[in-house]
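Residue numbers (our numbering): 60 to 320.
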């Protein structure tokens with residue numbers, strides 16, 4: 060695969076973007092790509108050390124990065140994240156809701172605490188982050204939100220009932236807010252990746268190598284995706300190059316969409 064960081068997308072130089080779940084995987088790849096495009100990045104995640112490692116990569120490449128450690132299940136986090144962004148950079152142009160909680164379990168093993176944490180992280184946090192960001196986004200020429208969903212939102216998989224439910228809800232949120240915010244010029248789009256090579260799989264798989272083999276077998280193209288492949292699409296949706304696109308939820312799943320009933 061060629062270096063996707065070399066693919067240039069216009070219109071994001073100087074645009075300040077918040078990226079949640081930025082300490083690893085898709086979020087980290089997106090932060091690196093935004094930094095390479097000249098966008099200051101606000102890195103949000105639970106653990107500070109991974110955020111600082113990604114920030115160091117962004118700054119080493121000539122970009123700017125602000126680390127904001129935050130638990131998105133905390134209802135106070137969205138306002139604090141946006142305030143931190145505005146205090147440092149004085150503007151906000153884009154928001155990438157990438158952070159997610161995922162556990163694969165049969166219904167008998169769930170408790171209300173784990174259920175509520177999924178809803179708080181996967182649904183409540185994106186909703187209230189958009190709400191908190193809206194006043195600043197309205198003043199931006201970019202005005203773009205990208206929500207990272209999942210193919211699990213439309214595929215029926217045993218043990219994924221709660222995760223898939225929250226991702227299906229995120230797709231609905233993307234489309235309804237796109238309509239609500241269109242008169243303000245704020246675009247809201249989503250990506251629904253299939254299996255991607257990120258640390259999230261270690262949260263549910265005891266044998267990661269076997270899990271990757273199985274995941275690849277579920278994809279018509281015969282492999283799982285790379286975080287840089289998703290990051291490329293995120294930056295495209297953020298940018299003015301996609302100025303006539305809103306309310307889209309794009310499958311980025313190696314063809315899994317072909318097999319959906």
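Glycine included, every Cβ here is placed at the ideal spot set by N, Cα and C. These figures come from a predicted structure and were not determined experimentally.
query: Is the CB-CB distance between residue 249 and residue 233 below 7 Å?
result: Looking up residue 249 in the chain shown gives position 190. Looking up residue 233 in the chain shown gives position 174. Cβ atoms of residue 249 and residue 233: closer than 7 Å.
- request: Would you give the residue range spanned by the alpha helix (DSSP H) that residue 251 belongs to?
  value: Mapped onto the chain shown, residue 251 falls at position 192. Per DSSP, residue 251 belongs to no alpha helix (DSSP H); it is in the beta strand (DSSP E), 246-252.
- request: Have a look at residue 323 and residue 168 and give me their C-alpha separation to the nearest angstrom.
  value: Nothing about residue 323 can be read from this structure; the chain reaches only from 60 to 320.
- prompt: Starting from residue 125 and walking both ways along the beta strand (DSSP E), at which residues does that stretch end?
  reply: Here residue 125 is taken as the residue at index 66 of the chain shown, counted from 1. 124-128 is the extent of the beta strand (DSSP E) around residue 125.
- prompt: For the candidate residues 96, 73 and 111, whose alpha-carbon lies nearest to that of residue 82?
  reply: Indexing the chain shown from 1 puts residue 82 at position 23. For residue 82, the nearest C-alpha among the options comes from 111.
- prompt: In the region 142-217, which residue ranges form an unbroken alpha helix (DSSP H) of at least 4 residues, counting only runs that do not cross its ends?
  reply: 171-178 and 184-196
- prompt: Is the distance from the Cβ of residue 117 to the Cβ of residue 101 below 7 Å?
  reply: Within the chain shown, residue 117 is the residue found at index 58, counting from 1. Within the chain shown, residue 101 is the residue found at index 42, counting from 1. Cβ distance not < 7 Å, so residue 117 and residue 101 don't count as in contact.
query: Relative to the alpha-carbon of residue 313, which residue among 235, 276 and 106 has its alpha-carbon at the smallest distance?
result: Walking along the chain shown from the start, residue 313 turns up at place 254. For residue 313, the nearest C-alpha among the options comes from 276.
- prompt: Helix, strand or coil: how does DSSP classify residue 286 here?
  reply: Taking the chain shown and counting its residues from 1, one reaches residue 286 at position 227. It is helical.
- request: Note down the Cα distance separating residue 184 from residue 303, rounded to an integer number of angstroms.
  value: Counting from 1 along the chain shown, the entry for residue 184 is found at position 125. Counting from 1 along the chain shown, the entry for residue 303 is found at position 244. Cα to Cα, the separation comes out at about 26 Å.
message: Tell me which residue opens and which closes the alpha helix (DSSP H) that residue 85 is part of.
response: In the chain shown, counting from the first residue as 1, residue 85 sits at position 26. Taken as a continuous stretch (DSSP letters only), the alpha helix (DSSP H) holding residue 85 covers 84-95.
- request: Give the range of the beta strand (DSSP E) segment to which residue 221 is assigned.
  value: On the chain shown, residue 221 is found 162 positions in, with the first residue counted as 1. Premise fails: residue 221 lies in the alpha helix (DSSP H), 220-240, not in any beta strand (DSSP E).
message: Taking the alpha carbon of residue 97 as the reference point, which residue from 76, 108 and 113 has its own alpha carbon closest?
response: On the chain shown, residue 97 is found 38 positions in, with the first residue counted as 1. Checking every option, the nearest Cα to that of residue 97 belongs to 76.
message: One question on the structure: do residue 181 and residue 79 come within less than 7 Å of each other, judged by their Cβ atoms?
response: Position 122 of the chain shown, counting from 1, holds the residue named residue 181. Position 20 of the chain shown, counting from 1, holds the residue named residue 79. In this structure, residue 79 does not lie closer than 7 Å to residue 181 by Cβ.
query: Where does residue 100 sit, in a helix, a strand or coil, going by DSSP?
result: Reading the chain shown from its first residue, position 41 is the one you call residue 100. Strand at residue 100.
task: Evaluate contact between the region 186-200 and the region 140-157, counting only Cβ atoms and requiring at least three cross-stretch pairs below 8 Å.
output: yes
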